[in-house]
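S.K.:
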Amino acid sequence: MSDDHDHHDGNDDHELRVSKIRDGTVIDHVRGGQALNVLAILGIDGTNGEEVSVGMNVPSNRFARKDIVKVEGRELSQDEVDVLSLIAPDATINIVRDYDVVEKHRVERPDVVEGVLSCPNAGCITTGDEPVTSRFTVLEDGVRCSYCETIVREEIASLIET
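Quick note, in the UniProt record's numbering, the sequence shown goes up one by one and the last residue is 162.
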């Protein structure tokens with residue numbers, strides 16, 4: 001068994017090698033360790049045959065470490081980008097068509113997200129049988145339920161409604 005793939009020439013040590021995608025979305029500059037949460041937000045778990053490349057905790061000029069997610073054959077909706085911004089506020093979204101980046105933009109955190117997160121407060125009106133759509137105000141370091149005022153700073157990804 002050869003282990004040639006473990007050896008690098010001196011020039012390749014700092015290069016991330018992930019295959020290019022033909023058409024789809026590249027989500028770059030995701031904070032290290034958040035790539036799997038990005039996939040969860042996008043509803044990608046591998047069961048539908050999506051072609052996905054993930055780089056986790058790779059060297060970055062902007063951060064010490066970053067994650068990168070490439071999704072073939074899919075362009076993100078604005079709602080998806082809004083939710084992504086909650087866990088990856090520094091991310092860059094690149095839209096790729098025929099191997100060329102045709103759009104590139106940084107995510108912008110919305111002031112409010114509706115219908116995408118569930119409130120962790122069991123007593124909140126949005127968690128019962130009432131037909132009330134969840135609504136959260138986006139804070140600098142988390143989100144606040146517009147109904148019960150519960151503030152969430154950690155594990156926001158676990159509140160995403162799928």
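Note that CB positions come from ideal geometry on N, CA and C, so glycine has one too.
Unbroken alpha helix (DSSP H) runs of length 4 or more, entirely within the segment 31-117: which are they?
M.R.: 35-41, 78-87
S.K.: Would you be able to state if there are at least three C-beta pairs under 8 Å between the segment 38-57 and the segment 101-113?
M.R.: no
S.K.: Report buried or exposed for ILE41, applying the criterion of at least 16 other Cβ atoms within 10 angstroms of its Cβ.
M.R.: buried
S.K.: Could you give the residue range of the beta strand (DSSP E) that holds CYS145?
M.R.: 142-145
S.K.: Using 8 Å for Cβ pairs, my map puts VAL143 next to LEU86. What's the rounded Cβ distance?
M.R.: 7 Å
S.K.: Are VAL54 and VAL30 close, meaning C-beta to C-beta below 7 Å?
M.R.: no
S.K.: Alpha carbon to alpha carbon, how far is ARG109 from ASP79? Give it in angstroms, no decimals.
M.R.: 11 Å
S.K.: Our contact map puts LEU159 next to SER118 with C-beta atoms below 8 Å; I'd like the distance itself, whole angstroms only.
M.R.: 5 Å
S.K.: Since VAL107 and VAL81 should fall inside the 8 Å C-beta cutoff, what is the C-beta to C-beta distance between them, to a whole number of angstroms?
M.R.: 6 Å
S.K.: At the level of alpha carbons, what is the spacing between LEU139 and GLY123?
M.R.: Rounded to the nearest angstrom, the two C-alpha atoms are 22 Å apart.
S.K.: Looking only at its own chain, which residues have a Cβ that is under 8 Å from the Cβ of THR133, when we skip the five neighbours before and after it?
M.R.: GLU114, GLY115, THR126
S.K.: What residue does the beta strand (DSSP E) around LEU159 start on, and which one ends it?
M.R.: In the DSSP assignment, LEU159 falls outside any beta strand (DSSP E) and carries neither an H nor an E.
S.K.: In angstroms, rounded to a whole number, what distance separates the CA positions of ARG62 and ASP90?
M.R.: 9 Å
S.K.: Below 8 Å CB to CB, which residues in the same chain sit around VAL112 once its five sequence neighbours on both sides are set aside?
M.R.: ARG135, PHE136, THR137, VAL138, SER146
S.K.: Roughly how many whole angstroms lie between the Cα atoms of GLN34 and GLU72?
M.R.: 19 Å
S.K.: Taking the beta strand (DSSP E) that residue 198 belongs to, which residues open and close that run?
M.R.: Since the first residue of the chain shown is 1 and the last is 162, residue 198 is not available in this structure.
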